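Protein chains: 6
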Amino acid sequence: MQFEIERIVRTALIEDIGLGDVTTEVTVAIGTVARAELVAKEDFTLAGLGVAAEVFRSLDPDVKFEKIFADGQSVRKGEVLAWLKGKASVLLQGERVALNLLQRMSGIASLTARYVAEVKGTGASIVDTRKTVPGLRALDKYSVRMGGGRNHRIGLFDGVLIKENHIAAAGGIGAAIDRAKQKLPHTLKIEIETRDLTEVEEALNAGADIIMLDNMSLEQIRQGVDLIAGKALVEASGGVNLESVRDIAETGVNIISVGALTHSVMAADISMLFN
Amino acid sequence: MQFEIERIVRTALIEDIGLGDVTTEVTVAIGTVARAELVAKEDFTLAGLGVAAEVFRSLDPDVKFEKIFADGQSVRKGEVLAWLKGKASVLLQGERVALNLLQRMSGIASLTARYVAEVKGTGASIVDTRKTVPGLRALDKYSVRMGGGRNHRIGLFDGVLIKENHIAAAGGIGAAIDRAKQKLPHTLKIEIETRDLTEVEEALNAGADIIMLDNMSLEQIRQGVDLIAGKALVEASGGVNLESVRDIAETGVNIISVGALTHSVMAADISMLFN
Amino acid sequence: MQFEIERIVRTALIEDIGLGDVTTEVTVAIGTVARAELVAKEDFTLAGLGVAAEVFRSLDPDVKFEKIFADGQSVRKGEVLAWLKGKASVLLQGERVALNLLQRMSGIASLTARYVAEVKGTGASIVDTRKTVPGLRALDKYSVRMGGGRNHRIGLFDGVLIKENHIAAAGGIGAAIDRAKQKLPHTLKIEIETRDLTEVEEALNAGADIIMLDNMSLEQIRQGVDLIAGKALVEASGGVNLESVRDIAETGVNIISVGALTHSVMAADISMLFN
Amino acid sequence: MQFEIERIVRTALIEDIGLGDVTTEVTVAIGTVARAELVAKEDFTLAGLGVAAEVFRSLDPDVKFEKIFADGQSVRKGEVLAWLKGKASVLLQGERVALNLLQRMSGIASLTARYVAEVKGTGASIVDTRKTVPGLRALDKYSVRMGGGRNHRIGLFDGVLIKENHIAAAGGIGAAIDRAKQKLPHTLKIEIETRDLTEVEEALNAGADIIMLDNMSLEQIRQGVDLIAGKALVEASGGVNLESVRDIAETGVNIISVGALTHSVMAADISMLFN
Amino acid sequence: MQFEIERIVRTALIEDIGLGDVTTEVTVAIGTVARAELVAKEDFTLAGLGVAAEVFRSLDPDVKFEKIFADGQSVRKGEVLAWLKGKASVLLQGERVALNLLQRMSGIASLTARYVAEVKGTGASIVDTRKTVPGLRALDKYSVRMGGGRNHRIGLFDGVLIKENHIAAAGGIGAAIDRAKQKLPHTLKIEIETRDLTEVEEALNAGADIIMLDNMSLEQIRQGVDLIAGKALVEASGGVNLESVRDIAETGVNIISVGALTHSVMAADISMLFN
Amino acid sequence: MQFEIERIVRTALIEDIGLGDVTTEVTVAIGTVARAELVAKEDFTLAGLGVAAEVFRSLDPDVKFEKIFADGQSVRKGEVLAWLKGKASVLLQGERVALNLLQRMSGIASLTARYVAEVKGTGASIVDTRKTVPGLRALDKYSVRMGGGRNHRIGLFDGVLIKENHIAAAGGIGAAIDRAKQKLPHTLKIEIETRDLTEVEEALNAGADIIMLDNMSLEQIRQGVDLIAGKALVEASGGVNLESVRDIAETGVNIISVGALTHSVMAADISMLFN
């Protein structure tokens with residue numbers, strides 16, 4: 501993931517700094533050294549500290565960046581996450597980009613951690629979706645893992661998910677699964693989206709590895725789990741929120757996918773204080 | 501902005517599709533043509549329809565994409581925003597990226613529109629900040645404009661904003677403004693951040709073009725506006741939300757900058773329906 | 501895959517043409533039009549005709565490129581694969597790059613087709629490996645498919661293959677598989693490399709989805725297949741060649757992976773004849 | 501060539517690792533250190549050890565890579581080519597890309613060395629062609645040099661080679677050579693392809709610097725060499741293989757170009773063993 | 501600006517070195533170390549020494565580059581600007597690119613310094629334009645600053661300059677300025693081009709921040725300055741040369757923009773001497 | 501060269517336009533169509549009209565660009581070079597970049613044409629050097645050709661030029677030439693720099709293809725030409741200007757290289773007039 505982080509950080513810095521930080525150039529004497537701290541302004545689950553470090557390091561390899569917490573840890577309001585020392589101009593120029601990344605990533609980790617806490621003890625895993633911010637998928641999915649979630653496929657290339665339109669085009673659930681099993685890498689499981697119990701049964705008979713119960717009621721999900729009876733993994737999807745997720749998990753599904761983890765992120769509140 | 505949109509769309513498509521959409525490849529016959537609609541699933545202010553069109557066009561220039569609404573318009577739940585026709589494989593491969601962009605952009609426009617509506621009639625402008633998603637600043641700022649807001653500087657390179665650390669480094673407000681006026685392009689206004697009325701006064705005397713009142717109380721803002729008395733533009737910043745924004749606007753400030761417009765975006769609910 | 505083909509073709513053309521084809525510039529009058537044919541100089545399985553077309557198209561969208569055969573078809577010595585018409589300078593400049601790609605791709609497809617023919621009727625699939633030419637993996641793997649083979653994982657990111665070193669690091673086969681099942685995307689099957697029947701048994705007990713029998717004798721493979729008895733997919737790997745592949749297939753393995761398909765490619769003999 | 505090696509290595513690593521090596525991530529504890537050796541599994545001429553080192557270094561500058569042999573040397577089965585020490589995850593992630601490059605490059609060097617050995621003592625040089633793998637020309641041509649061969653032009657931009665179609669377009673051999681001499685950089689020799697002795701004579705009269713005898717019989721080549729009599733360099737091309745090359749060299753030609761050096765490469769057998 | 505310098509240097513080195521410096525490769529033994537000096541062959545104002553250092557550093561981080569002068573200083577014929585020590589091959593390969601950049605940059609700084617000297621004591625600033633060499637604007641504008649000049653806007657994105665065609669399109673000076681004030685970032689001043697005193701008056705009334713007097717006679721400029729009377733910044737533009745610039749400055753304008761600073765640059769005479 | 505032109509134009513447009521032309525956006529109504537002409541404001545030799553067309557085309561393929569003159573032609577003050585029609589916003593956004601390129605290129609062609617005219621009838625060719633603007637070498641060298649000059653090598657990779665430091669490193673002129681002849685592509689001529697007649701003699705004996713007489717007096721050049729007597733090409737270099745070039749040409753040298761053609765370019769005066 502290192503090359504991807506480099507690409508993201510470099511793109512972000514060029515976007516923000518362009519041909520130069522005009523304010524700093526005229527006010528801060530070259531060579532001025534500064535020290536700063538990244539401080540939590542609320543409680544949250546941390547993600548992105550390494551990426552924040554990379555922001556400053558890619559501006560100047562001589563910046564000292566000391567992590568006090570690690571990604572995945574819970575932090576409390578007021579705690580210092582890391583401290584930095586380096587040229588004042590570099591700290592000022594990297595500040596906004598580092599915070600933009602760190603706040604979004606921690607926001608994702610924190611929301612994920614809340615879902616994970618809700619389903620604790622049920623055996624269900626919380627997973628993300630492809631509803632990520634374009635260009636930042638690697639970081640979005642990493643943040644989900646830091647919050648205790650797992651990842652669904654990265655993109656269209658590394659996982660099979662046969663949806664309604666694919667079924668229609670292939671001429672039915674059986675035909676679609678069959679062709680996937682014949683043609684695709686044997687390393688990928690075949691997942692299929694179902695809308696009712698009839699489809700679940702068809703998918704099961706066709707040998708699907710994973711059966712997604714899409715937008716079903718709690719009752720339908722329960723029946724689906726019973727029907728599948730361990731012969732395939734069961735994924736619940738659609739309309740999942742913090743209120744409903746526990747009930748869904750208790751039906752016995754294996755996987756619950758939650759789009760909101762990444763598509764509607766509240767930035768965690770973090771400041772960079774110079775001292 | 502065309503080259504930037506191309507870069508964003510291309511990056512997003514490569515991120516999502518990689519070496520191929522394995523599911524579609526085995527289920528959808530080459531040459532199958534499909535028709536689909538982008539449909540609003542709630543009320544919101546539209547932004548990003550041109551970017552969505554670019555997603556499909558960059559996959560296949562022959563896709564037909566017909567816009568029914570224009571960016572900046574209000575749409576109602578159930579309305580069709582645009583319809584598309586093209587190879588089924590192309591519609592399926594572009595769907596997620598197009599929605600991810602369109603939903604975020606419309607989310608930003610919609611939130612901006614709410615802030616703009618709140619300050620209606622006061623003479624205050626709602627502006628964004630640099631708290632955007634790394635790599636998408638061009639789209640984030642465009643979406644703010646579509647919601648009726650205005651843009652603050654794009655980045656560190658095209659606007660002067662002298663903050664606390666710059667003031668300290670330069671040896672005071674007067675010295676900092678003076679150096680900016682001597683050295684920087686004459687085309688840029690000099691903005692300075694102030695924390696109390698003493699600093700406001702100093703900034704005014706030094707000839708600042710824009711004075712930011714940062715994290716001040718309503719009462720302080722009112723006094724700041726009085727003190728400045730039209731001799732500089734006044735920008736209120738910090739702790740602005742939908743509850744407080746009207747009161748702030750009524751103090752007579754010219755500009756209100758709102759980080760939340762872009763750092764904590766709720767995706768607008770939009771679907772792509774095949775028919 | 502379109503963006504990847506564009507990248508490969510563009511890189512290849514810049515590599516070959518640089519700042520210009522000095523010979524053509526001084527000998528061929530601007531505007532001269534030519535017609536040429538791509539002709540098979542031996543029998544082979546075709547792959548890469550679309551990529552060859554892209555070479556000329558990316559030099560000049562007005563080149564006419566008419567395919568007579570399709571990728572995946574068998575062609576005979578002397579048959580015309582496609583004909584082209586366009587500026588003579590463009591045909592001359594694209595010739596070498598187009599042939600370099602087409603000849604390698606058809607070479608891969610042809611060798612794959614020979615392996616596939618050998619195992620016909622046995623139920624075993626021929627798959628490739630990651631022993632591809634750096635930068636051309638997408639084309640190498642596509643060519644394997646055109647020859648009737650299937651693809652193993654694209655890279656380290658889209659498939660789990662637990663090898664000796666991973667097992668040692670994780671503290672045993674059971675522990676390694678267990679951690680993969682807990683942590684990784686539920687969409688990926690867990691494959692593990694085994695060197696003897698004891699390891700096969702361990703892997704089976706730990707719930708591996710795919711068991712690779714690495715560098716085993718025919719006799720060991722047979723015993724492995726018996727032991728696994730359909731509870732996991734069986735992949736044979738190591739020392740596979742055209743002489744041994746049928747015997748291996750007849751043991752009942754599901755998958756046979758062959759590094760030679762892509763690491764030691766004989767270019768198919770193809771010419772471009774101007775007429 | 502450093503920037504080109506960086507490009508190739510980076511492209512290859514991104515292609516293979518993508519967003520991460522999922523297997524290693526879950527099985528190998530962060531910080532585990534490993535040691536490995538690159539070992540020859542057969543006799544060959546070495547090329548690419550520096551490129552292999554670059555693979556690991558670009559993943560992690562702290563990897564220690566100690567070369568025991570140098571490019572261009574002959575190595576024997578069982579000899580250790582280099583040893584490495586570094587994070588286990590880095591060694592595992594770079595292994596395949598390093599081997600893919602090193603095996604292809606050594607394969608080219610080894611085949612070249614065989615051709616060079618065949619013509620020893622004749623005064624003829626073995627040179628490559630533009631039949632290289634797209635994107636890897638720099639490495640392919642370097643490997644030829646390591647095998648004792650010389651390079652023909654890199655691409656269309658740095659050498660003049662007037663072929664049949666150019667001659668026809670220019671209106672004859674004399675006219676083509678004349679225009680090249682008038683217009684092109686004076687630093688480039690003018691090479692022309694001939695198919696029979698009449699053309700050789702024309703080329704000689706027109707002042708060609710290099711005359712290629714294309715697909716001629718041994719007897720024709722001998723006559724060509726006699727006719728040219730040292731007034732131009734003579735290059736034999738077409739249908740050259742390990743059986744025919746000595747006879748061709750003994751005709752007295754200066755240069756023998758061999759497409760097979762790079763278009764049909766057998767990978768040298770090399771392993772990376774962890775210890 | 502660091503990323504931009506890296507881009508420029510890398511592009512230039514790839515352009516000049518391509519796949520290798522063939523002369524050095526065969527004549528200079530690997531490992532040969534050399535020492536060289538950059539020497540002024542005439543008097544000039546220095547700019548670009550850091551960029552020259554970056555050229556060698558990006559070829560080899562171990563090159564020692566010791567600056568004796570700093571950008572912005574005046575140097576005399578015969579003075580040594582910097583000395584270098586490193587691999588002979590690296591010094592030879594970087595020489596031309598380093599000199600090409602350093603000579604152009606110092607040429608710009610020197611010409612700027614002459615203009616700045618001419619207007620000394622008048623209160624007018626010398627500024628550049630967008631007439632820079634494509635791809636090098638960052639360096640061109642930096643060099644102007646090193647010569648004592650100031651920068652106009654970087655590009656179309658960071659400054660408002662309403663010209664004749666914009667005025668016509670907007671429906672008059674007042675309308676154009678009005679729309680700019682309503683819509684654009686409040687951080688940018690509004691500059692407008694005027695051709696006569698009537699337009700100056702209109703611009704003043706519409707509240708322009710900067711009024712450009714374009715191609716006006718000295719007399720007109722004087723009247724413009726009187727009319728504006730400090731209510732806007734005054735910029736003189738068009739037909740400025742070393743002969744006319746003092747007279748223009750003495751009219752009391754604030755800003756004089758000079759296209760020739762960057763569009764017609766005489767390279768400063770600098771050599772790299774090996775010793 | 502097409503890909504290189506695309507790279508240059510794209511880089512230049514991004515550099516100038518960034519995230520948008522703020523002035524045009526607020527003043528020019530979307531959809532406004534304009535017509536403009538490129539007009540010569542002085543006499544010169546034209547180069548770059550195709551590149552200028554590419555600027556507008558890459559912003560909008562629908563712009564109509566009609567060339568009235570062709571590169572390489574002489575144009576007179578007042579003549580219209582081309583006319584354009586398209587969206588007003590596109591014409592305004594491309595104007596500066598198109599002129600910057602066209603004016604520099606025509607400046608180079610014009611200066612070259614003056615040198616070429618000076619040496620008319622002497623048999624000497626005027627050639628350029630590597631003293632080009634970094635990133636624009638392809639255009640600089642093309643412009644020299646349009647002015648009637650020829651190109652020296654493009655860079656270090658496509659031509660051999662053995663200089664003082666190479667000779668010293670190789671251990672003498674003979675050794676250096678010998679190694680170049682043994683090792684380098686047979687398609688490149690061997691050029692060597694000489695400083696006096698003794699070196700000329702050594703170079704001749706060693707079989708140099710091209711002998712550069714560097715910074716020699718007219719008398720020395722004459723003696724060098726006599727000594728070489730057609731056995732190698734003779735190139736005069738150093739201290740060439742419009743006053744001295746005819747005398748140098750009349751000594752009988754074949755090639756005169758002139759750094760000033762590209763290192764100190766006066767932009768040709770060209771305007772874009774809207775009508």
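Protein chains in written order, with our numbering: chain A, 501 to 775; chain B, 501 to 775; chain C, 501 to 775; chain D, 501 to 775; chain E, 501 to 775; chain F, 501 to 775.
We treat Cβ as the ideally placed atom computed from N, Cα and C, and that holds for glycine.
Please read these numbers as outputs of a predicted model, since none were measured by experiment.
Residue j beta carbon less than 9 Å from that of residue i
i	j	result
ILE690/E	ASP709/E	yes
SER589/F	GLU525/F	yes
LYS777/E	ASP562/E	Outside the shown range of chain E (501 to 775) lies residue 777/E, about which nothing can therefore be said.
LEU546/F	LEU601/F	no
LEU538/E	ILE748/E	no
PHE774/C	ASN665/D	yes
Spatial neighbours of residue i in its chain, beta-carbon cut-off 8 Å, leaving aside the 5 residues before and after
i	result
LEU727/B	LEU697, VAL700, GLU701, LEU704
ALA732/F	ALA703, LEU704, ALA708, ASP709, ILE710, ILE711
Contacts that residue i makes with chain A (C-beta to C-beta distance below 8 Å)
i	result
GLU691/C	THR687
GLN593/B	LEU656
ARG510/D	PHE503
Under 7 Å from the C-beta of residue i: neighbouring residues of chain E
i	result
LEU519/F	PHE657
Same chain only: Cβ atoms within 7 Å of residue i, ignoring 5 sequence neighbours per side
i	result
ILE673/A	ILE667, ILE692, GLU699, GLU702, ALA703, ALA706
Cβ distance (whole Å) where residue i is taken to contact residue j below 8 Å
i	j	result
TRP583/F	GLU566/F	5 Å
LEU656/F	GLN593/E	7 Å
LEU591/C	ILE508/C	Wrong, their Cβ atoms sit about 20 Å apart, outside the cutoff.
LEU559/D	MET605/D	The pair is not a contact, with the Cβ atoms about 19 Å apart (cut-off 8 Å).
Where residue i meets chain C, residues with beta-carbon distance less than 7 Å
i	result
ALA638/F	LEU519
Own chain partners of residue i with C-beta closer than 6 Å, once the 5 adjacent residues on each side are dropped
i	result
ILE755/F	SER625, VAL627, GLU735
VAL597/A	ALA512, LEU513, ASP516, VAL555
VAL533/A	none
GLY607/A	VAL765, MET766, ALA767, ALA768
Residue i Cβ short of 8 Å to the ligand NAD heavy atom set
i	result
LEU599/B	Absence of the ligand NAD from the depicted structure is noted, as is the absence of any ligand whatsoever, leaving it without description.
Listed by chain order, chain F residues near residue i by CB distance under 9 Å
i	result
ALA529/E	ALA669, ALA670
Per-residue contacts from residue i into chain A (C-beta, under 9 Å)
i	result
GLU554/E	None at all; the shortest Cβ gap to chain A is about 14 Å.
Got a sec: which bits of the stretch 662-685 of chain B sit with their beta carbon under 7 Å from any beta carbon on chain A, in order along the chain?
ILE662, ASN665, HIS666, ALA669, ALA670, ALA676, ARG679, ALA680, LYS683, LEU684
What are the residues of the stretch 595-614 of chain E that lie near chain F, defined by any Cβ-Cβ distance shorter than 9 Å?
ARG596, VAL597, LEU599, ASN600, LEU601, GLN603, ARG604, GLY607
Taking a cut of 9 Å between CB atoms, which residues from the stretch 555-581 of chain C lie near chain D?
none
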